[in-house]
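Protein chains in written order, with my numbering: chain A, 3 to 330; chain L, 120 to 421.
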């Protein structure tokens, strides 16, 4: 078994472009859940409208890249307002139901036959990243060290996306360590208490939803630029659940939680996958083989998450002291 | 039961802008009301929880709101502070109408409430709890929060004020602990100190003594008296008769949503309507419950 090779593949995936894109989306979710306590189970919806902001402006109308990125962000903002204004007055659990329904509803609208002229229906949109590739300063070739290497387009996406993650994390840090962030964290504990002190609870929740939604939409924009083509069916609810798992793994309510969660989770996903495949080839696995491996891998990752929640509920970088407090 | 608490607030009535001369009957007009309510009605389905024809609260007094369980005290509190809607009626605070205002808007006008079940923001530190309550912070705006230099000075002066209040409520040593690590009584103190950060002209305390040990009750009573002496109006809901009789300048009795009596403690003590309200409704289960306790309280106070 080529253990070092497996390790290298896992590390490649842990710091690769997809891990960076997920980290960006999780930063948005961390704003919603980690700091404000909003149960958003529809973060994938923000990614979808962001990606299609690029898809429709660039793919359908042939507009330049900058317009696509702007449209993606604007769509995220718009979705936050449309979703937030009617639902943020509801109790937390109703908000959760609404967000998951809206995200799924959006996927069906974007893939529907009547929208095909704009969205491309189930086939989505292609050739979206020419403008982005033109900006790539790295000449073609492989970059990296040892067995961990990336192609020039992947390296370009990585540099841009991880930079966005850095900027987003700094923005989050600044927001949270300010009086604004104090109100937001207060909402997580008790809305009525914050209201009784003269703060407009609804406005703060809407702002939080918008900030986190824009980060989600940015992640969607990067998906479109990274893959060059998008389809509605890649924005299924399980993407949101992966985001949640990674957020809880890293540590909700911590600035670094989303980054660590995404990196560690992608490492684990790839590592278990590669290990099982290697063991399968050597005939060490008696009961499963081939296509069944994927399912077993997910079960293994699930087991790791369950153990984590039992023995380290605050996540990898969370504060144990905060977890021990009884929150109602 | 000791009769000590009855000495605490004492006969503050004389000093409170002529409340001593007001005749004790329901809905009576006060010489200098801070809060005036007219025709408040709130019903839930067929049940009328609050039906207050007229109620005025005198500025600078400690006014107690009492009544048997289910009398509508909490609903009235919620209505007055914008945490619940009314069906009909209107009320004004410092001359301004409060109808239709949301809870946070009422708080900004200077009427700040606390809750029966203490709402400490448990995962924030004690100091953060205090700072959160300071009004008019420019750093609380989404974009304003990035301009650190613009709110740093405001933050410092708020911190100073918070420090002084924590000192007064004997919580200064806990300033950097998370509020969740405080005891129940300390949380009550924190909630009161935090309400004061808003600079209210009137505080509404919903059962401030519930579940607090006797030693801390004394200290809470001192704090409430001190508030009145500084000119803050206090309206509070409470069950403990000793406490109420000792500290209040004026008492309003609520039963089945209506104001059935109001007056100075000595008027309420001898009011047959009040005794009936406490005893009558619960007479056949006199062995237990608040009716029994209240009756005992009233008897003793006599």
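Backbone N, C-alpha and C fix where the C-beta goes; we use that ideal spot for every residue, glycine too. Remember, predicted model here, so these are calculated numbers, not experimental data.
Look up residue 223 of chain A in the DSSP assignment and say whether it is helix, strand or coil. Counted from its first residue, the first chain places residue 223 of chain A at position 221. It is helical.
With a 10 Å radius around its C-beta and 16 neighbouring C-beta atoms as the bar for buried, classify residue 109 of chain A as buried or exposed. Sequence index remark: in the first chain, residue 109 of chain A carries index 107 (1-based). With 16 or more other Cβ atoms within 10 Å, it is buried.
Rounded C-alpha distance that separates residue 393 of chain L from residue 225 of chain L: Sequence index remark: in the second chain, residue 393 of chain L carries index 274 (1-based). Sequence index remark: in the second chain, residue 225 of chain L carries index 106 (1-based). Each residue's Cα considered, the two are about 31 Å apart.
Indicate whether residue 245 of chain L and residue 294 of chain L have their beta-carbon atoms separated by less than 8 Å. Taking the first residue of the second chain as 1, we reach residue 245 of chain L at position 126. Taking the first residue of the second chain as 1, we reach residue 294 of chain L at position 175. Result yes, Cβ atoms of residue 245 of chain L and residue 294 of chain L sit closer than 8 Å.
Is the shortest distance between the beta-carbon of residue 304 of chain L and the beta-carbons of chain A less than 8 Å? For this step, residue 304 of chain L is matched to residue 185 along the second chain. Taking Cβ atoms only, chain A never reaches closer than 8 Å to residue 304 of chain L, which makes this a no.
Residues of chain L with CB closer than 9 Å to the CB of residue 202 of chain A, please, in chain order. Here residue 202 of chain A refers to the residue found at position 200 when the first chain is read from its first residue. Residues of chain L passing the Cβ test: 221, 223, 224.
Indicate whether at least one CB of chain L lies closer than 8 Å to the CB of residue 187 of chain A. As a working note, residue 187 of chain A is residue 185 in the first chain. So yes, residue 187 of chain A belongs to the interface.
On a CA-only basis, which of L:320, L:303, L:373, L:316 is nearest residue 339 of chain L? Give me that one, please. Here residue 339 of chain L corresponds to residue number 220 of the second chain, with the count starting at 1. If we check each option's Cα against that of residue 339 of chain L, L:303 comes out closest.
Beta-carbon contacts of residue 220 of chain L that lie in its chain and below 6 Å, excluding the five residues immediately before and after: Stepping through the second chain from its first residue, residue 220 of chain L is reached at position 101. In its chain, beyond the 5 residues on either side, 201 have a beta carbon closer than 6 Å to the beta carbon of residue 220 of chain L.
On the criterion of 16 or more Cβ atoms from any shown chain inside 10 Å, does residue 210 of chain L qualify as buried, or is it exposed? Taking the second chain and counting its residues from 1, the one referred to as residue 210 of chain L is at position 91. Residue burial is scored here from C-beta neighbours: residue 210 of chain L has at least 16 other C-beta atoms within 10 angstroms and is therefore classed as buried.
Is the beta carbon of residue 277 of chain L less than 8 Å from the beta carbon of residue 253 of chain L? Residue mapping note: residue 277 of chain L aligns to position 158 of the second chain, counting from 1. Residue mapping note: residue 253 of chain L aligns to position 134 of the second chain, counting from 1. Against a cut-off of 8 Å, the Cβ pair of residue 253 of chain L and residue 277 of chain L comes out as a contact.
Cβ contact (3+ pairs, closer than 8 Å) linking the segment 377-389 of chain L and the segment 140-147 of chain L: Contact between the segment 377-389 of chain L and the segment 140-147 of chain L is present, because at least three Cβ pairs lie under 8 Å.
Separation of residue 250 of chain A from residue 309 of chain A, as counted between CA atoms: As a first step, residue 309 of chain A must be located in the first chain, where it is residue number 307. As a first step, residue 250 of chain A must be located in the first chain, where it is residue number 248. Separation of residue 309 of chain A and residue 250 of chain A (C-alpha to C-alpha, rounded to the nearest whole angstrom) is 12 Å.
Residue 374 of chain A: which of A:222, A:172, A:34 sits nearest, CA to CA? Residue 374 of chain A lies beyond the stretch modelled for chain A, which goes from 3 to 330, so this question has no answer here.
How would you call residue 357 of chain L, buried or exposed, if buried means at least 16 neighbouring beta carbons within 10 angstroms? Translated into the one-based positions of the second chain, residue 357 of chain L becomes position 238. Flag for residue 357 of chain L reads buried.
CB of residue 234 of chain A within 8 Å of CB of residue 112 of chain A, strictly: Residue numbering aside, residue 234 of chain A sits at position 232 when the first chain is read from its first letter. Residue numbering aside, residue 112 of chain A sits at position 110 when the first chain is read from its first letter. Residue 112 of chain A sits close to residue 234 of chain A, with the two beta carbons spaced by under 8 Å.
Per-residue DSSP class, three states only, for residue 211 of chain L: Within the second chain, numbered from 1, the residue matching residue 211 of chain L stands at position 92. Here residue 211 of chain L sits in strand by DSSP.
Closer than 7 Å by beta-carbon distance: list the chain A residues that pair up with residue 307 of chain L, in chain order. For the purposes of this step, residue 307 of chain L is taken as residue 188 along the second chain, with counting starting at 1. Neighbours of residue 307 of chain L on chain A: none; closest Cβ ~13 Å, over 7 Å.
I'd like to know whether the C-beta of residue 320 of chain A is nearer than 8 Å to at least one C-beta of chain L. Within the first chain, residue 320 of chain A is the residue found at index 318, counting from 1. Chain L contact via Cβ: absent.
Whose Cβ in chain L lies nearer than 8 Å to the Cβ of residue 182 of chain A? For the purposes of this step, residue 182 of chain A is taken as the residue at position 180 of the first chain. Residues of chain L passing the Cβ test: 258, 259, 260, 261, 263, 264.
When the Cα of residue 25 of chain A is compared with those of A:56, A:252, A:237, A:104, which residue comes out closest? On the first chain, residue 25 of chain A is found 23 positions in, with the first residue counted as 1. Nearest C-alpha to residue 25 of chain A among A:56, A:252, A:237, A:104: A:252.
Mind the definition here: the segment 303-321 of chain L touches the segment 257-273 of chain L only if three or more C-beta pairs lie below 8 Å; say whether that holds. These segments do not touch.
What is the rounded straight-line gap between the Cα of residue 232 of chain A and the Cα of residue 319 of chain L? For the purposes of this step, residue 232 of chain A is taken as the residue at position 230 of the first chain. For the purposes of this step, residue 319 of chain L is taken as the residue at position 200 of the second chain. Distance between the alpha carbons of residue 232 of chain A and residue 319 of chain L is about 56 Å.
Roughly how many whole angstroms lie between the Cα atoms of residue 347 of chain L and residue 363 of chain L? What you label residue 347 of chain L is simply residue 228 of the second chain in a count that begins at 1. What you label residue 363 of chain L is simply residue 244 of the second chain in a count that begins at 1. Spanning the two alpha carbons is a distance of roughly 15 Å.
Where residue 93 of chain A meets chain L, residues with beta-carbon distance less than 8 Å: Residue mapping note: residue 93 of chain A aligns to position 91 of the first chain, counting from 1. Ordered by position in chain L, no residue passes the 8 Å Cβ test against residue 93 of chain A, which lies about 15 Å from the chain.
Residue 262 of chain A to residue 216 of chain L span [Cα, whole Å]: Against the first chain, residue 262 of chain A aligns to sequence position 260. Against the second chain, residue 216 of chain L aligns to sequence position 97. Rounded to whole angstroms, residue 262 of chain A to residue 216 of chain L spans 52 Å at the Cα level.
Residue 151 of chain A to residue 260 of chain A span [Cα, whole Å]: Numbered from 1 along the first chain, position 149 holds the residue referred to as residue 151 of chain A. Numbered from 1 along the first chain, position 258 holds the residue referred to as residue 260 of chain A. Here the alpha carbon of residue 151 of chain A sits roughly 24 Å from the alpha carbon of residue 260 of chain A.
For a cutoff of 8 Å on Cβ pairs, would you count residue 436 of chain L as touching chain A? Nothing about residue 436 of chain L can be reported from this structure: the residues present for chain L run from 120 to 421 only.
Kindly say whether residue 82 of chain A, judged by its beta-carbon, lies nearer than 8 Å to any beta-carbon of chain L. Indexing the first chain from 1 puts residue 82 of chain A at position 80. Interface annotation, residue 82 of chain A: not in contact with chain L, CB-CB separation never under 8 Å.
On the three-state DSSP scale, how would you describe residue 152 of chain L? On the second chain, position 33 is the one that residue 152 of chain L refers to. Strand.
Taking residue 22 of chain A and residue 163 of chain A to be in contact with their CB atoms under 8 Å, please state how far apart those CB atoms are, rounded to whole angstroms. Translated into the one-based positions of the first chain, residue 22 of chain A becomes position 20. Translated into the one-based positions of the first chain, residue 163 of chain A becomes position 161. Indeed they touch by this definition, with Cβ atoms about 4 Å apart.
Locate the beta strand (DSSP E) running through residue 145 of chain A, then write down its first and last residues. What you label residue 145 of chain A is simply residue 143 of the first chain in a count that begins at 1. First-last of the beta strand (DSSP E) with residue 145 of chain A: 144-147.
Name the two residues that bound the continuous beta strand (DSSP E) containing residue 91 of chain L. Beyond the ends of chain L as shown, which are 120 and 421, falls residue 91 of chain L; an answer cannot be given.
Hey, how far is the Cα of residue 247 of chain L from the Cα of residue 228 of chain A? Here residue 247 of chain L corresponds to residue number 128 of the second chain, with the count starting at 1. Here residue 228 of chain A corresponds to residue number 226 of the first chain, with the count starting at 1. Here the C-alpha atom of residue 247 of chain L lies approximately 42 Å from the C-alpha atom of residue 228 of chain A.
Do you know whose CA, among L:235, L:298, L:365, lies nearest residue 182 of chain L's CA? Walking along the second chain from the start, residue 182 of chain L turns up at place 63. Of the listed residues, the one whose Cα sits closest to residue 182 of chain L is L:365.
CA-to-CA distance, residue 271 of chain A to residue 248 of chain A, given in whole angstroms: Indexing the first chain from 1 puts residue 248 of chain A at position 246. Indexing the first chain from 1 puts residue 271 of chain A at position 269. Each residue's alpha carbon lies about 11 Å from the other.
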